[in-house]
Structures are given as structure tokens and as C-alpha cells.
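At position 478 of the sequence shown (counting the first as 1) the number is 478 in full-length UniProt numbering, and the numbers step up by one without a gap.
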Amino acid sequence: MQSIGHWIDGKSVSGTSETTAPVTNPATGAVTGELALANVADTRAAIDAATLAFATWRDTSLTRRTQVLFRFRELLNERKEELAAVITAEHGKVAADALGEVTRGLEVVEFACGIPHLLKGGFTENASTDVDIQSVRQPLGPVAIIAPFNFPAMVPMWFFPLAIGSGNTVVLKPSEKDPSAALWLARLFQEAGLPDGVFNVVQGDKVAVDELLDNPGIKAVSFVGSTPIAKYVFQRGTAAGKRVQALGGAKNHMVVLPDADLDLAADAAVNAGFGSAGERCMAISVVVAVGGVADELVGKIAERAASIVTGEGSSGADMGPLITRAHRDRVAEYIDAGENAGAEVVLDGRALTVEGAPDGFWLGPTILDGVRPTMSVYTDEIFGPVLSVVRVGTYEEAVALINANRYGNGTAIFTNDGGAARRFHHEVEVGMVGVNVPIPVPMAYYSFGGWKNSLFGDSHAHGTDGVHFFTRTKAITTRWLDPSHGGLELGFPQNN
Ligand code: NAD
């Protein structure tokens, strides 16, 4: 069993706290690591290192900063399989899925390599006679990133390449459940030439998070996790005067109209519902079958889902385990509750076992038909391999259902009717919309973020929103004085 600690000022450190948490391989149930949970002093050590490094990093030329990002991109691309294996060992997701996560994070690094262009300000000559105005974007200082368990590499990469490229320094607090990917990334960044203290990793729980939220040394917080914690982080961080973007949970609906190709829709529902065992914030958890398509559609989805092989992530399986035993049992309880409330269990993953791995946190693909909006399996984010099918009569009912939901992260419509698709993406109250695309995660140069209880704050992740979040603008008005500008005039300056 390995000891897992922090990364502060370019060094591996174990910290001063006595508190630890076990890290588990979810496919075997075995404890593989003992994680140091930071106390306030450990968290402050990371903030101090970031504060010290900011003084020089903010003035490091854009050319130099970009060179480090390019080198980091190259190293990460060369060694992405290694990182994917680190993710699988602690998260459990299958190798191809872990590699997909790294690739989507890499796209943000590539976007950040264009930071000189993204940071360009404006210049207006002769705004008033002989007066020029320019605007510049400057970094904020040390910023914090607080990440969830489900994307231990991609979610931090949504933020830190742009934060660091913009001249900020970072303290990243990963999830306690899969802390090693962050350390791997920090070491790689150092190898790419990043100066010590620019990127720090502090392992911990609420103690570390609260210090990051309260400490005046941290100027902005990017959080991703469940809705109650996102709301808490937003409220506490903004009360301390910080910029906060807090991305929360989700309940993503996929609408299937009667004219859709049902084979393609069934493929999409299965891939988006059961990929990563449903532990994705953009997973499809509700299929909304419109008109008379439900019977045929559910049959096709069930046939495909039944062929999914669940197993250890590096074994070639399609789907891995859930993150913890407690979470696995919680998901099973939601299925029980749906069944007891009258939903039909079309495919039941509750009794699934995996040969040779009796202690893994297994739950097979599950489909519930006839789900109604009052059932807990519909109202709550389940975060497991459970697809609920809600049957509605019309397109209008489908949109009303989605718009009444408290979450608004992602949604999709499957149809061959361009007019219906256009109307859908105009009317639906959700931040990311797919037309015949079930997981519409935007590319790095667009921004990622939901509406309603899926995001607190007004900036989405990456894209220009990301650059704006990590910088503040300054407007500079310039006049080079000559004798014609003399004389007293106490009125408010006016342009001429
Ligand atoms: P979580 O909210 O339990 O934890 C997220 C982070 O908050 C972790 O770093 C954790 O240590 C910290 N934390 C937990 N409890 C805390 C507390 N009481 N006070 C302070 N900090 C606390 O989330 P999770 O289970 O790790 O991740 C799954 C959730 O994240 C799901 O709800 C999922 O939808 C959401 N998520 C959302 C997005 C998005 O883009 N909107 C992306 C990925 C995951």
C-alpha cells in the first residue's frame, strides 16, 4: 500500500496532518493507498507556495509561458496511456474511457497554447484629441481548483492550463477517491519546465476546501462536483470576496421523436447512459420517448444494454465498477425505490457478479420503463448505470418536462426533422444541447457549463469564458502632455 501526499512548491510532501483516508481500487475492493488529508497548515503551505511563485510567473513572458504549455502538451500526448492507467486503477473506468478523458483534457491544453492570442487586449487611437485608450487582461493571483472523482484528469485540465497560461498560479484539490492523477500531472508539468510553486496539489476534504474558500490569498475558485456542495462553495467563496464558478450535478434527458432512426437512437442511449457506468455529469439518465416509439425503442435499448460486458477496467470490458461500495448500494436502492413506485425493471443489474472479482463494486446496466416525474429515480441525480424511460405523448410535453427539471446541464434530441431540432435547441432551458449527439460536450474553444442548479456563477469552463474567468481587465487612458493641454478645468472630463 502506498502513501499518497501533496505536491507543494515542486516537491512531494506528506504534510503535517495525522488524518488519512483509504484509496480503493473499485474493481477489487482492495485498499491500495493511504491518502494524507491536509490540515489548515498544509493547505496554507500550498497557498504560500502559489503566492510566492505568482510574483515571478505573472511577469514571465508570454513566449516562455507558451513554450512550457507546448512542452507539457507534447509530454502528455506521448504518455497519455500511462495517465489513463493511473485513472483506471483508482476510478475503475475502462482503459478506452480513461484515455478518452485524457484526450478531452489535452484539447484544453492545446487551446491554452494559443494564450498569447487569447490575452490580446484592445487599443483605440485618438479616442479624444491626442488621447489613446488600451485595455489589457491581467492574471488574478493564486487560484483554487476543486475537482470531483469522476474525471480526475479532465476536470482539472478544464481549468489549470488556462489559469496558468494566463499567468496565475494554482492550488488543485482533487477528490479523495482518486487523488493520483493530479500528482502525475503536476510532476509532468514540472518536467515540461513549469517553475516550482506555479502548480500545487493539496489532498484533502472539507478542511482543505474551507481554507481555500476563506483564505484571502486565493483569488478565484473553480469547483466541479455535486449540486449541494457547488452551492455551498459558491456562497462561501463569494462571501469571502472571490470570483467563483461552481459546476454542479445533472439529470440529462434524451428526447426521441417518432421520426428518429431508432437503431441510431438506441445505440446513442446505451453509449451515453452506460459509458463510465453512468458516472458522468453528461451521462444520459432519462430517455423521453415521444408518441408511439417507446415499445420499439425500449426493446432496442434493452437488447444492446444486455450485451454490455462489465469488468475490471484493463480487461477489455465495456463498463467498470462504481466508485465506492456505499455509492453502489445507494444506486441499487434507487432502483428498488423505482420498482416499488411502479416502474418496470426491463433490465436488472442489481445481482451482477464479475468472475474473479467478488469484492468489486459492481452494478450492471439497468433500464426502468414507465418512470414518472414524481419518482425519486427521476427527481434525483443517481450517477450510476441506470436509464429511466419516461413516455410522453407530444414534443411539447417533452420540452415542458425538461424545462421543469431543476438541473440544466446537457440534453439531446434525436430526430430527422430539422425544424423540430431547431425549435428544441431554441426552447430548451439547458446549457449544452445535442442534435443527434447524446453527450454534447463542447470543444475546448467553446465553453462548458450548464444552467439552473448545474452551475452557480456566471462563467462556464474553458473557451473564452475560461480566459475571462482567470483574468481581469484594466483600461488605460493615455495623453502625452504638451503646452496646449494647460489650464485649470474642474468639470468632469469630456471628450472632444
Ligand atoms: P462531491 O460534491 O462529493 O465532491 C466534489 C469535491 O468537493 C471533492 O473534491 C470533495 O472533496 C469536495 N467536498 C465534498 N464534500 C464537501 C464538503 N462538505 N465541503 C467542502 N468540500 C466538499 O462530488 P463527487 O461525488 O466527487 O462528483 C460527482 C458529482 O460531480 C456529480 O454530482 C456530478 O454530476 C458532478 N459533476 C459535474 C460536472 C459538471 O460539469 N457540471 C462534471 C463532473 C462531475
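Yeah, the Cβ is synthetic: ideal placement off N, Cα and C, and Gly gets one too.
{"Asked": "From V286, L185 and C281, residue whose alpha carbon lies closest to that of L368", "Found": "V286"}
{"Asked": "Cβ-based burial, G316 [other Cβ within 10 Å; buried from 16]", "Found": "exposed"}
{"Asked": "From R71, E90, Y378 and F469, residue whose alpha carbon lies closest to that of V109", "Found": "R71"}
{"Asked": "Heavy atom of the ligand NAD within 7 Å of E381 beta-carbon", "Found": "yes"}
{"Asked": "Distance, T366 Cα to A89 Cα", "Found": "24 Å"}
{"Asked": "Counterpart residues of D132 in DSSP-defined beta bridges", "Found": "T478"}
{"Asked": "V390, DSSP secondary structure in three states", "Found": "strand"}
{"Asked": "Touching by the beta-carbon criterion (3+ pairs, under 8 Å), the region 150 to 157 and the region 94 to 112", "Found": "yes"}
{"Asked": "A420 to L185 span [Cα, whole Å]", "Found": "44 Å"}
{"Asked": "Near the ligand NAD: E396 beta-carbon under 7 Å from a heavy atom", "Found": "no"}
{"Asked": "contact_flag[the region 405 to 416, the region 384 to 394] where n(CB pairs < 8 Å) is 3 or more", "Found": "no"}
{"Asked": "Helix, strand or coil at L35 [DSSP, three-state]", "Found": "strand"}
{"Asked": "DSSP-derived helix/strand/coil call for K206", "Found": "helix"}
{"Asked": "Cβ distance (whole Å) where W57 is taken to contact V198 below 8 Å", "Found": "5 Å"}
{"Asked": "Identity of the residue in V233, S17, L247 and N495 nearest T477 by Cα", "Found": "N495"}
{"Asked": "beta-carbon F149 near the ligand NAD non-hydrogen atom, thresh 7 Å", "Found": "yes"}
{"Asked": "Three CB pairs or more closer than 8 Å across the region 343 to 358 and the region 3 to 23", "Found": "no"}
{"Asked": "Local Cβ density within 10 Å of A27, reported as buried at 16 or more and exposed below that", "Found": "buried"}
{"Asked": "Member of Y378, H253, C281 and N25 whose CA lies at the smallest distance from the CA of V435", "Found": "H253"}
{"Asked": "Beta-bridge partners of F361, as assigned by DSSP", "Found": "Paired residue(s): none; F361 is not in a bridge."}
{"Asked": "Three-way DSSP call (helix, strand, coil) for S484 in this model", "Found": "helix"}
{"Asked": "C-beta atoms of T310 and G364 nearer than 8 Å", "Found": "yes"}
{"Asked": "beta-carbon D205 near the ligand NAD non-hydrogen atom, thresh 7 Å", "Found": "yes"}
{"Asked": "Beta-carbon gap between P116 and T60 smaller than 8 Å", "Found": "no"}
{"Asked": "Limits of the beta strand (DSSP E) - the one that I146 falls within", "Found": "P142 to I146"}
{"Asked": "Own chain, CB closer than 7 Å to T51, minus 5 neighbours either side, in chain order", "Found": "P142 and G217"}
{"Asked": "Residue environment, P161, which counts as buried when at least 16 other CB atoms sit within 10 Å", "Found": "buried"}
{"Asked": "Helix, strand or coil at M432 [DSSP, three-state]", "Found": "strand"}
{"Asked": "Run of the alpha helix (DSSP H) containing L75, from where it starts to where it stops", "Found": "L62 to E78"}
{"Asked": "Heavy atom of the ligand NAD within 7 Å of I87 beta-carbon", "Found": "no"}
{"Asked": "Closest Cα partner of F469 within the set T415, S166 and L264", "Found": "S166"}
{"Asked": "As assigned by DSSP and simplified to three states, the class of H253", "Found": "strand"}
{"Asked": "Per-residue burial, M432 [other beta carbons within 10 Å of its own, 16 or more giving buried]", "Found": "buried"}
{"Asked": "Cβ-based burial, V31 [other Cβ within 10 Å; buried from 16]", "Found": "exposed"}
{"Asked": "Endpoints, beta strand (DSSP E) assigned at R422", "Found": "That residue, R422, is in no beta strand (DSSP E); its alpha helix (DSSP H) goes G418 to E427."}
{"Asked": "8 Å contact criterion, which G225 and P156 should meet: CB distance rounded", "Found": "Not quite, the Cβ-Cβ distance comes to about 13 Å (not below 8 Å), so this is no contact."}
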